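Step one of this worksheet: look at the structure below.
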Amino acid sequence: MPNDLVTVFGASGFVGRHIVRALTAQGFRVRAVCRKPNLANYLLPAGHVGQIQLLKANINNEEDVARALEGAVAAVNAAGVLFGHGLQSLEAINADASGRIARAALKADVGTLVHVSAIGADTQAISEYARTKGLGERAVHEGFPRAVIMRPSLVFGPEDAFFNRFAAMARFLPALPLIGGGKTKFQPVFVGDVAAAVARAVSDPAMAGRTYQLGGPKTYTFRALLEFILAETGRKRLLMPLPFWLAGLQGFFLQMPSFILPIKPMLTVDQVRLLKSDNIVQDGAFTLDDLDIEPTSVEKIVPTYLWRFHPKGQFRDVQRLAAH
Numbered sequence: 001m002p003n004d005l006v007t008v009f010g011a012s013g014f015v016g017r018h019i020v021r022a023l024t025a026q027g028f029r030v031r032a033v034c035r036k037p038n039l040a041n042y043l044l045p046a047g048h049v050g051q052i053q054l055l056k057a058n059i060n061n062e063e064d065v066a067r068a069l070e071g072a073v074a075a076v077n078a079a080g081v082l083f084g085h086g087l088q089s090l091e092a093i094n095a096d097a098s099g100r101i102a103r104a105a106l107k108a109d110v111g112t113l114v115h116v117s118a119i120g121a122d123t124q125a126i127s128e129y130a131r132t133k134g135l136g137e138r139a140v141h142e143g144f145p146r147a148v149i150m151r152p153s154l155v156f157g158p159e160d161a162f163f164n165r166f167a168a169m170a171r172f173l174p175a176l177p178l179i180g181g182g183k184t185k186f187q188p189v190f191v192g193d194v195a196a197a198v199a200r201a202v203s204d205p206a207m208a209g210r211t212y213q214l215g216g217p218k219t220y221t222f223r224a225l226l227e228f229i230l231a232e233t234g235r236k237r238l239l240m241p242l243p244f245w246l247a248g249l250q251g252f253f254l255q256m257p258s259f260i261l262p263i264k265p266m267l268t269v270d271q272v273r274l275l276k277s278d279n280i281v282q283d284g285a286f287t288l289d290d291l292d293i294e295p296t297s298v299e300k301i302v303p304t305y306l307w308r309f310h311p312k313g314q315f316r317d318v319q320r321l322a323a324h
């Protein structure tokens, strides 16, 4: 039981909460950095009494970041946004804050920094999300050269924004959009595997300076994933091919309210741009296999939380058994 302190930025997010759980399971004390710690009390049961400390901090503020790193032996940056709003813009969070955390970690003599990025991160990408993720990686390398970069593909788990979102849409819509014809490829990775990889990086000095691409055991097209969602939720819906240009037009109008109100849009122009590129692990990259982590399949995990979107809810399996 190391009993060492690890600072986790973005601890209350989807990936961050699982990272906190993985670190506490290894015996680390965790300083969970959040913008609104009063809404993050659900993190506390992930550890023993006193093992997790909630800290209010703004990662856009250098003093807050420095204070969050005091006494930490390692830090994890799991902060990131898919759609920006106000001061929480893509540039500010994905790029600028990443560099700020890296520089502060080096100054605070933190031993290890793990940065959660994304497959497709590229400073020259047409998507602002992918571009700012690429800028963030560059800033991290410049500020903390021995940082470990984690690039997950589409991350799935009980709180994910992909399977849950499309399952919810299928409850009310007669058709689901096949943006770009549904040909884009994904390699979905379980959030628990991502968290395990991050926790391993915190405690393994041999991983310093490496970039890992994290993907699951199988690749799927966008169409195949929607078909899987419909099968698991017992819904029969039309899959309507939607050209990129038309999807971009819809995204333009759907994102407009989010420029005024702090709400997450169903679709944005930038998300359509993201779908123009496959999201899979590249040949020759460091992967989960190099960490002796066996990737968990979509089929094993996703049905355990999509049942609530089925017309029969938790009784869907009773119906299946009766049919046999």
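Each residue of the sequence shown is one higher than the one before, starting from 1 at the first, in full-length UniProt numbering. Where a beta carbon is used, it is the ideal one built from N, C-alpha and C, also for glycine. This one's a predicted model, so the numbers in the text were calculated from it and none came from an experiment.
Residue i (DSSP reduced to helix, strand or coil)
{"i": "Pro241", "result": "strand"}
{"i": "Asn279", "result": "strand"}
{"i": "Phe28", "result": "coil"}
{"i": "Met1", "result": "Note that Met1 scores a pLDDT of 47, beneath 50, so its modelled location is shaky and nothing firm can be said."}
{"i": "Phe172", "result": "helix"}
{"i": "Met266", "result": "coil"}
{"i": "Pro217", "result": "coil"}
{"i": "Phe35", "result": "It should be pointed out that residue 35 corresponds to Arg in this sequence rather than to Phe. Of the three classes helix, strand and coil, the one that applies to Arg35 here is coil, per DSSP."}
{"i": "Val155", "result": "strand"}
{"i": "Gln314", "result": "helix"}
{"i": "Pro188", "result": "coil"}
{"i": "Val49", "result": "coil"}
{"i": "Phe162", "result": "coil"}
Residue i vs residue j beta-carbon contact at 7 angstroms
{"i": "Val76", "j": "Ala102", "result": "no"}
{"i": "residue 325", "j": "Phe190", "result": "Coverage of the chain is limited to positions 1 through 324, which leaves residue 325 absent and any answer about it impossible."}
{"i": "Ala104", "j": "Leu69", "result": "yes"}
{"i": "Val198", "j": "Ile59", "result": "no"}
{"i": "Thr132", "j": "Glu91", "result": "yes"}
{"i": "Leu113", "j": "Phe83", "result": "no"}
{"i": "Phe309", "j": "Ala121", "result": "no"}
{"i": "Leu154", "j": "Phe162", "result": "yes"}
{"i": "Ala196", "j": "Ala74", "result": "no"}
{"i": "Gly251", "j": "Leu274", "result": "no"}
{"i": "Ser89", "j": "Gly136", "result": "no"}
{"i": "Thr184", "j": "Phe228", "result": "no"}
{"i": "Ala78", "j": "Val110", "result": "no"}
{"i": "Pro295", "j": "Asp193", "result": "yes"}
{"i": "Asn61", "j": "Gly80", "result": "no"}
{"i": "Arg210", "j": "Val148", "result": "yes"}
{"i": "Val208", "j": "Arg138", "result": "The sequence shown places Ala at residue 208, rather than the Val named in the question. It is not a contact, given that the beta carbons lie outside the stated cut-off."}
{"i": "Ala46", "j": "Thr24", "result": "yes"}
{"i": "Glu232", "j": "Leu306", "result": "yes"}
{"i": "Met150", "j": "Tyr212", "result": "yes"}
{"i": "Ser127", "j": "Asp270", "result": "yes"}
{"i": "Leu225", "j": "Leu239", "result": "no"}
{"i": "Gln71", "j": "Leu5", "result": "Per the sequence presented here, residue 71 reads as Gly, with Gln not at that position. In this structure, Leu5 lies closer than 7 angstroms to Gly71 by Cβ."}
Range of the contiguous alpha helix (DSSP H) that encloses residue i
{"i": "Leu23", "result": "Phe14 to Ala25"}
{"i": "Gly191", "result": "Residue identity check: residue 191 is Val in the sequence provided, not Gly. Here the alpha helix (DSSP H) through Val191 covers Val191 to Ser203."}
{"i": "Leu230", "result": "Phe222 to Thr233"}
{"i": "Gln271", "result": "Val269 to Leu274"}
Span of the beta strand (DSSP E) around residue i
{"i": "Leu55", "result": "Ile52 to Lys56"}
{"i": "Pro303", "result": "Run containing Pro303: none in the beta strand (DSSP E); it sits in the alpha helix (DSSP H), Pro303 to Leu306."}
The ligand SAM heavy atom lying under 6 angstroms from the CB of residue i
{"i": "Ile301", "result": "This structure lacks the ligand SAM, and indeed carries no ligand of any kind."}
If we require 3 or more residues per run, which beta strand (DSSP E) segments fall completely within the stretch 63-144? 74-77 and 112-116
contact_flag[the stretch 52-68, the stretch 24-31] where n(CB pairs < 8 angstroms) is 3 or more: Three or more pairs of CB atoms, one per stretch, sit closer than 8 angstroms, so the stretch 52-68 contacts the stretch 24-31.
For the pair the stretch 33-50 and the stretch 202-216, tell me if three or more CB-CB distances fall below 8 angstroms. no
Kindly confirm or deny that the stretch 178-192 and the stretch 272-286 touch, where touching means at least three C-beta pairs closer than 8 angstroms. Yes, they touch.
Below 8 angstroms, how does it come out for the stretch 241-251 and the stretch 170-179: are there three or more Cβ pairs, yes or no? yes
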